[in-house]
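To keep things clear, I will list the structure first and then write my remarks on it.
Numbering (our numbering), first residue to last: 2 to 179.
Spelled out as structure tokens, the structure:
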């Protein structure tokens with residue numbers, strides 16, 4: 002019998018001073034059996050950093066033709082494609098061709114650095130691509146906040162992020178790679 006996804010309920014308050022966005026979100030996240038809590042929480046962080054009308058989670062890791070998060074316009078055209086982790090170059094180029102903007106949030110410290118060095122030159126041509134690295138220490142601290150029922154607040158100001166929940170605060174300064 003296959004292992005089922007673990008369900009996380011999240012009450013997320015986003016206060017993004019940089020984008021003048023202030024909104025609460027009641028979210029349900031499914032953690033694929035092969036997904037770590039660190040990746041789950043970086044997905045949640047990516048949601049908070051890009052929150053807006055129409056942003057939703059894709060069907061998950063096991064789906065090749067959908068991103069982790071995306072936003073579509075009323076006609077179904079993909080405005081924003083967001084992947085978490087270290088997708089391969091071909092997937093990224095395909096996403097850049099299918100959507101108005103693509104954002105990648107990589108993490109895992111040294112392996113993210115190696116991934117970026119391998120792909121940076123080839124991805125330079127993708128004008129609608131933005132790549133961010135979440136420092137390893139910050140992503141690990143985010144993973145420590147994970148619980149089946151979470152109440153989190155996310156404050157974004159001058160590119161820096163604070164995620165607060167369960168008596169802990171995680172300070173994150175995403176590194177812009179592209």
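C-beta atoms are modelled at their ideal positions from N, C-alpha and C, and glycine is treated no differently. A quick note: this is a predicted structure, and the numbers were derived from the prediction, not measured.
Discussion item. Rounded to whole angstroms, what is the Cα-Cα separation between residue 56 and residue 144?
Written reply: Taking the first residue of the chain shown as position 1, residue 56 is located at position 55. Taking the first residue of the chain shown as position 1, residue 144 is located at position 143. Taking the straight line from one Cα to the other gives about 22 Å.
Discussion item. In the DSSP output, which residue or residues are listed as bridge partners for residue 84?
Written reply: Residue 84 sits at position 83 when you count from the first residue of the chain shown. Partner(s): 105.
Worksheet item: Are the stretch 132 to 143 and the stretch 101 to 115 in contact at 8 Å, needing three or more beta carbon pairs?
Response: yes
Discussion item. Buried or exposed, going by whether 16 or more other CB atoms sit within 10 Å of the CB of residue 104?
Written reply: Within the chain shown, residue 104 is the residue found at index 103, counting from 1. It counts as buried.
Item to complete: Please classify residue 4: does DSSP put it in a helix, a strand, or coil?
Response: Counted from its first residue, the chain shown places residue 4 at position 3. The answer is coil: DSSP assigns residue 4 none of H, G, I, E or B.
Discussion item. From the DSSP secondary-structure annotation, give me the bridge partner or partners of residue 10.
Written reply: Sequence index remark: in the chain shown, residue 10 carries index 9 (1-based). Beta-bridge pairing links residue 10 to 29 and 150.
Discussion item. I'd like the span of the alpha helix (DSSP H) that includes residue 43, first residue to last.
Written reply: Translated into positions along the chain shown, residue 43 becomes position 42. Segment 38 to 51, the alpha helix (DSSP H) holding residue 43.
Practice prompt. Pick helix, strand or coil for residue 79, following the three-state DSSP scheme.
Written response: Indexing the chain shown from 1 puts residue 79 at position 78. Of the three classes helix, strand and coil, the one that applies to residue 79 here is strand, per DSSP.
Practice prompt. Measure how close the beta-carbons of residue 154 and residue 168 come, nearest whole angstrom, since I'm counting them as under 8 Å.
Written response: Within the chain shown, residue 154 is the residue found at index 153, counting from 1. Within the chain shown, residue 168 is the residue found at index 167, counting from 1. Contact doesn't hold; Cβ gap of about 12 Å is too wide.
Discussion item. Could you compute how far the alpha carbon of residue 6 sits from the alpha carbon of residue 39?
Written reply: As a position in the chain shown, residue 6 is number 5, starting the count at 1. As a position in the chain shown, residue 39 is number 38, starting the count at 1. Taking the straight line from one Cα to the other gives about 15 Å.
Practice prompt. Report yes or no: do three or more beta-carbon pairs, one from the stretch 95 to 103 and one from the stretch 68 to 82, lie closer than 8 Å?
Written response: yes
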